[in-house]
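Colleague: My structure is below; once you've seen it, I'll send some questions.
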Amino acid sequence: MSGAETQEKDLDQGESLLAKIALEAELADYSPVKGCMVIRPYGYAIWEQIQSSLDKMIKETGHQNAYFPLFIPESFLQKEAKHVEGFAPECAVVSYAGGKELEEKLVVRPTSETIINYMFSKWIQSYRDLPVLINQWANIVRWEMRTRLFLRTTEFLWQEGHTAHATREEAEVETKKMLGVYKTLSEEYLAIPIIDGIKTETQRFAGAVTTYCIEGLMKDGKSLQMGTSHYLGQNFARAFDTKFQDQNGQLQHVHQTSWGVSTRLIGAIIMTHSDEKGLRLPPKIAPIQIIVVPIYKEQAEKEMVLKKCKELEETLKNDFRIKTDDRDQYSPGWKFNHWEIKGVPIRINLGPKDISSNVVEIVRRDTKEKLKNVPQQDLRQYLLKLSTEIQENLFRQANDFLIKNTFTVKNEKEFAEKINSGGYLICFWCEKTQCEEKLKQKTKATIRCIPFKLPVDQNQEEGYCISCNQKAKQQVIFAKAY
RNA sequence: CGGGAAGUAGCUCAGCUUGGUAGAGCGUUCGUUUCGGGUGCGAAAGGCCGCAGGUUCAAAUCCUGUCUUCCCGACCA
């Protein structure tokens with residue numbers, strides 16, 4: 003066991019909350035290469051839960067999984083002007099392989115639009131071939147200056163959807179549909195409330211026409227982009243000549259979308275739900291939903307208690323991911339703390355006293371509340387209800403936090419006062435990039451999105467730009483971001 | 001990539017100023033005692049002092065370079 007000493011103290015709420023929890027809860031560890039991380043089994047199990055929930059939704063919306071290669075010819079990246087401009091600085095490039103210099107350098111994919119378009123242009127001939135709805139689970143590499151576990155690593159795992167459509171309308175519907183899937187994933191599975199909206203030009207994906215996003219507010223008051231969905235227009239289709247013959251025999255470029263979420267979501271979970279005891283996982287994505295801690299003194303008791311634990315597991319295993327911590331070398335008290343750090347939503351303490359009176363003791367991780375003498379009959383129902391309650395409570399707490407930290411500001415003075423304490427600022431913006439830039443220079447805050455819906459009620463239709471004070475119709479969300 | 005801090009036992013750290021046989025607590029192993037919120041006692045094992053050079057009779061300690069982490073800026077999911 004690592005970090006036993008620091009585990010004894012409550013975890014600090016400092017800047018290093020993220021790294022601390024990631025390491026202590028054994029989600030990840032550092033690799034010898036800068037900015038890279040090892041995702042440890044428990045962290046990977048969380049990723050698998052996220053994956054299986056999302057993969058199901060992706061398939062339900064008609065997409066198929068496929069796999070495109072890691073290496074992309076350097077020339078591909080250069081075909082789309084904005085795309086190359088955006089990604090060139092952060093690309094890792096292989097120039098030497100097989101014992102010699104390569105004729106054409108290979109880019110380690112920072113995203114797969116180019117290689118996928120190359121393939122699409124081969125596969126798409128007719129309107130009858132459309133739409134093409136593809137998703138891939140993959141790793142990608144982006145050479146970042148400053149890295150943080152889960153939130154920004156050099157290599158990370160993600161899912162990238164790529165679709166091609168006959169019309170602009172269809173592609174736009176697709177873009178928003180998948181953003182909706184991300185919203186569902188975040189709010190209903192990860193228990194993280196988000197603000198969904200449109201990115202401004204400066205924050206838009208390199209090569210996209212429109213970028214939609216979901217943004218979450220982290221415990222430290224910073225905003226985290228948790229997922230993006232792009233309407234790519236015909237930009238890549240033109241660059242790669244991805245054309246189809248329509249019903250009138252006319253050749254047209256396809257309209258495309260791409261969308262992705264990554265292992266960053268694990269960072270979001272940490273930075274949204276952790277408390278002084280460690281991680282708190284929403285039941286829907288917790289690799290272990292119920293941990294059973296047996297309590298016993300001598301051997302006879304041990305056998306009796308462990309047998310009862312197995313029985314419990316048997317009756318509950320169809321409804322829950324349940325595990326008994328039957329390790330002999332750790333005391334019950336030690337186990338309590340251990341599983342709290344790891345964020346297991348429900349703990350069942352089971353000892354001789356409980357068994358003799360046919361009850362269990364249940365401790366919920368979200369509130370730390372101890373529920374004594376819960377009858378063993380109807381336990382399944384009780385736990386199902388509790389599980390739902392914990393899921394909802396985590397969302398409610400995060401949502402309250404978001405609302406409490408969202409402010410409407412009317413002028414630059416108010417803006418400057420509020421922005422340093424973190425949270426979201428709602429204000430009018432005249433839609434000029436220079437106004438956005440000016441505020442970024444002064445305050446480090448950026449427009450996270452033009453929200454579809456404001457998180458707090460706001461009736462005004464019109465106001466004055468937070469920066470230049472001219473009439474403005476657009477209300478935007480500002481925040482400091484990761 | 002700039003500014004600051006750090007890297008010594010599995011973990012947290014002391015030792016470095018002023019060079020001279022590698023330290024503590026926790027954890028681990030064995031024994032014993034315990035087990036309903038991180039048990040007590042006894043013994044033992046465990047270290048290319050991040051890496052590479054240099055200075056020196058002698059380097060964890062001084063010098064140079066380099067790698068990694070953390071914090072702060074410029075860039076991003």
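Under our numbering, residues 3 to 484 are what the first sequence spells out, in order.
Virtual Cβ for every residue (Gly too), placed ideally from N, Cα, C.
It should be emphasised that the depicted structure is a prediction, and the values quoted were computed from it without experimental measurement.
What does DSSP give as the partner residues of THR259 in its beta bridges?
Modeller: THR259 pairs with THR165, TYR233.
Colleague: Using alpha carbons as the reference points, say which of ILE468, PRO354, ILE197 lies closest to MET306.
Modeller: When only C-alpha atoms are compared, the closest one is PRO354.
Colleague: Near LEU19, what residues of its chain come up, given a Cβ to Cβ distance below 8 Å and the 5 sequence neighbours on each side ignored?
Modeller: Excluding residues within five positions, the ones whose Cβ falls inside 8 Å are LEU13, LYS221, ASP222, ILE272, MET273, SER276.
Colleague: Decide yes or no for the touch test of the stretch 417–435 against the stretch 394–408: beta carbon pairs closer than 8 Å, at least 3 of them.
Modeller: Judged by Cβ distances under 8 Å, the stretch 417–435 makes contact with the stretch 394–408, as three or more pairs qualify.
Colleague: Once you ignore the five residues that flank THR177 on each side, which residues in its own chain have a CB closer than 8 Å to its CB?
Modeller: These residues qualify, in order along the chain: THR212, TYR214, SER231, HIS232, TYR233, THR259, TRP261.
Colleague: If contact is defined by three or more beta carbon pairs under 8 Å, each pair taking one atom from either stretch, is the stretch 88–96 in contact with the stretch 56–69?
Modeller: Cβ pair count under 8 Å is below three, so no.
Colleague: Can you list the alpha helix (DSSP H) stretches of 4 or more residues lying completely in the stretch 333–420, in chain order?
Modeller: Listed in chain order, they are 334–343, 354–358, 381–406.
Colleague: Below 8 Å, can you find three or more Cβ-Cβ pairs linking the stretch 41–60 to the stretch 154–170?
Modeller: Cβ pair count under 8 Å is three or more, so yes.
Colleague: What does a CB cutoff of less than 6 Å around ARG154 pick up in its chain, not counting 5 residues either side in sequence?
Modeller: Closer than 6 Å at the Cβ level, and outside the excluded window around ARG154, lie GLU146.
Colleague: With a threshold of 8 Å on Cβ separation, who are the neighbours of GLN379 within its own chain once the five nearest residues in sequence on each side are excluded?
Modeller: ASN360.
Colleague: Between GLU189 and ILE196, how many whole angstroms is the CB-CB distance? I'm expecting something under 8 Å.
Modeller: About 6 Å; that satisfies the 8 Å criterion.
Colleague: Would you call the stretch 464–478 and the stretch 231–251 in contact, with 3 or more CB pairs under 8 Å?
Modeller: No, the stretch 464–478 is not in contact with the stretch 231–251.
Colleague: Starting from ILE23, trace the alpha helix (DSSP H) in both directions and tell me its first and last residue.
Modeller: Residues 19–26.
Colleague: What do you reckon, are the CB atoms on ILE41 and ASN137 nearer than 8 Å?
Modeller: Their beta carbons are not under 8 Å apart, which means ILE41 does not touch ASN137 by this criterion.
Colleague: For GLU217, write down the residues that DSSP places opposite it in a beta bridge.
Modeller: Beta-bridge pairing links GLU217 to ILE197, GLN227.
Colleague: Looking only at C-alpha atoms, which of VAL109, ASN351, GLN399 sits nearest to PRO377?
Modeller: Nearest option by C-alpha distance: ASN351.
Colleague: Less than 6 Å between C-beta atoms, sequence neighbours within five positions excluded: which residues of the same chain meet that for ILE364?
Modeller: ILE350, LEU373, VAL376.
Colleague: Quick check: the Cα distance between PHE397 and LEU281, rounded to an integer number of angstroms?
Modeller: Those two C-alpha atoms are separated by around 15 Å.
Colleague: Is there contact between the stretch 385–395 and the stretch 281–290, where contact requires at least three CB pairs shorter than 8 Å?
Modeller: The stretch 385–395 is in contact with the stretch 281–290.
Colleague: Buried or exposed for ASN250, please, with buried defined as at least 16 other CB atoms from any protein chain shown within 10 angstroms of its CB.
Modeller: Exposed.
Colleague: Tell me whether PRO91 is buried or exposed, calling it buried when 16 or more other Cβ atoms sit within 10 Å of its Cβ.
Modeller: Looking at its Cβ environment, which holds fewer than 16 other Cβ atoms inside 10 Å, PRO91 is exposed.
Colleague: Kindly identify the DSSP beta-bridge partner or partners of ALA485.
Modeller: Given that the chain is displayed from residue 3 to residue 484, the structure contains no residue 485 and the question cannot be resolved.
Colleague: May I ask you to list the residues that DSSP assigns as paired with LEU427?
Modeller: The partner list for LEU427 (beta bridge, DSSP) reads PHE409, PHE480.
Colleague: Do LYS279 and ILE343 count as a contact pair if the criterion is CB distance below 8 Å?
Modeller: Yes.
Colleague: Taking DSSP as the reference, what is the three-state secondary structure of ALA140?
Modeller: Residue state, collapsed to three classes: strand.
Colleague: Let's test the definition: count the other Cβ atoms within 10 Å of the Cβ of PHE238 and tell me whether it reaches 16, buried, or not, exposed.
Modeller: PHE238 is buried by the Cβ-count criterion.
Colleague: When you compare the stretch 67–86 with the stretch 32–40, are there three or more beta-carbon pairs, one atom per stretch, that lie closer than 8 Å?
Modeller: The stretch 67–86 vs the stretch 32–40: no contact.
Colleague: Report the CB separation of ILE449 from THR113 in whole angstroms; it is logged as a contact under 8 Å.
Modeller: About 22 Å separates the two Cβ atoms, so there is no contact after all.
Colleague: Counting C-beta neighbours from all protein chains within 10 Å, is the total for VAL458 16 or more, i.e. buried, or is it exposed?
Modeller: Label assigned to VAL458: exposed.
Colleague: What residues are listed by DSSP as bridge partners for PHE158?
Modeller: The partner list for PHE158 (beta bridge, DSSP) reads ILE142.
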